[in-house]
Amino acid sequence: MIVELNREAATTTSRAPAPAADPVVAVLGHQSRVAGLPQHLPSGWTLRHLTDVDDARPGELVLLSGAKADDVRRARAVLPRATRIVVLIDEWAPAELVAGVLTAGADVCVRGGHPAILAGHLVACRRRQLSERWAALDLAHTA
969 MIVELNREAA
979 TTTSRAPAPA
989 ADPVVAVLGH
999 QSRVAGLPQH
1009 LPSGWTLRHL
1019 TDVDDARPGE
1029 LVLLSGAKAD
1039 DVRRARAVLP
1049 RATRIVVLID
1059 EWAPAELVAG
1069 VLTAGADVCV
1079 RGGHPAILAG
1089 HLVACRRRQL
1099 SERWAALDLA
1109 HTA
């Protein structure tokens, strides 16, 4: 992608971030809760099951299925700050659990339900992740 950053300059540059590879959702926890998720994710998205939070790779969306606040704290301590953490909890989980996982560092907490709802939250997280890359682009030196 070539973007003209300064119309006064005789050259163009590709200082904009390169398009990201197809998104990966790295799942840790109860696998049965996310069994129907792949059918609701956009084309090109993949699901990868983790055995430990340390197995997550940079740029992946981390989905903690059935996590508690301590699980989120551990994940947030291990993963890069830019990593999006989505927590899937039971439909009947108390409000204290929702507040606990969000306070511990989860970006999103989704109560169990239809996989399409979870997929929608994951897509929104990915959009925020990409928009932060663009926002971090330093255009000040081109002015």
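In terms of our numbering, the sequence shown opens at residue 969 and continues consecutively.
Here a beta-carbon is modelled for each residue, glycine too, at the ideal position from N, C-alpha and C.
Note that the structure is predicted; figures quoted are calculated from it, not measured.
Contact belief for residue 1051 with residue 1030 at Cβ below 8 Å, rounded distance in angstroms: Numbered from 1 along the sequence shown, position 83 holds the residue referred to as residue 1051. Numbered from 1 along the sequence shown, position 62 holds the residue referred to as residue 1030. Their Cβ separation, rounded to whole angstroms, is 6 Å, which keeps residue 1051 and residue 1030 in contact under 8 Å.
So, residue 1034 versus residue 1004, is the Cβ gap smaller than 9 Å? In the sequence shown, counting from the first residue as 1, residue 1034 sits at position 66. In the sequence shown, counting from the first residue as 1, residue 1004 sits at position 36. Cβ atoms of residue 1034 and residue 1004: not closer than 9 Å.
Which of helix, strand or coil does DSSP assign to residue 1091? Position 123 of the sequence shown holds residue 1091. In the structure shown, residue 1091 sits in a helix (DSSP, three-state: H, G or I).
Leaving out five residues before and five after residue 1009 in sequence, what residues of the same chain have Cβ atoms less than 6 Å from its Cβ? Working through the sequence shown from its first residue, we reach residue 1009 at position 41. If we look at residue 1009 and ignore the five residues flanking it on each side, its Cβ neighbours are 1087.
Quick one: what does DSSP say residue 1014 is sitting in, helix, strand or coil? For this step, residue 1014 is matched to residue 46 along the sequence shown. In the structure shown, residue 1014 sits in a strand (DSSP, three-state: E or B).
Measure from the alpha carbon of residue 950 to the alpha carbon of each residue in 1022, 1027, 1018, then state which is nearest. For the chain, the structure presents residues 969 to 1111; residue 950 sits outside this window and is missing.
Are the Cβ atoms of residue 1001 and residue 1080 separated by less than 9 Å? Start at 1 with the first residue of the sequence shown, and residue 1001 comes out as number 33. Start at 1 with the first residue of the sequence shown, and residue 1080 comes out as number 112. Yes, they are a contact pair.
Could you tell me the alpha carbon to alpha carbon distance between residue 1017 and residue 1007, rounded to whole angstroms? Counted from its first residue, the sequence shown places residue 1017 at position 49. Counted from its first residue, the sequence shown places residue 1007 at position 39. Their backbone Cα atoms lie some 16 Å apart in a straight line.
If we ignore side chains and look at the alpha-carbon of each, how far apart do residue 1011 and residue 990 end up? Translated into the one-based positions of the sequence shown, residue 1011 becomes position 43. Translated into the one-based positions of the sequence shown, residue 990 becomes position 22. Approximately 9 Å, taken between the alpha carbons.
Rounded separation between residue 1043 and residue 1076 - CA only: Taking the first residue of the sequence shown as 1, we reach residue 1043 at position 75. Taking the first residue of the sequence shown as 1, we reach residue 1076 at position 108. Computed Cα separation, rounded: 14 Å.
Closest to residue 1097 by CA distance: which of 1024, 1069, 1015, 1053 is it? Against the sequence shown, residue 1097 aligns to sequence position 129. With distances taken between Cα atoms, residue 1097 lies closest to 1053.
Of all the options 995, 1084, 1036, which has the alpha carbon lying nearest to the alpha carbon of residue 1070? One-based indexing of the sequence shown puts residue 1070 at position 102. Cα-wise, what sits closest to residue 1070 is 1036.
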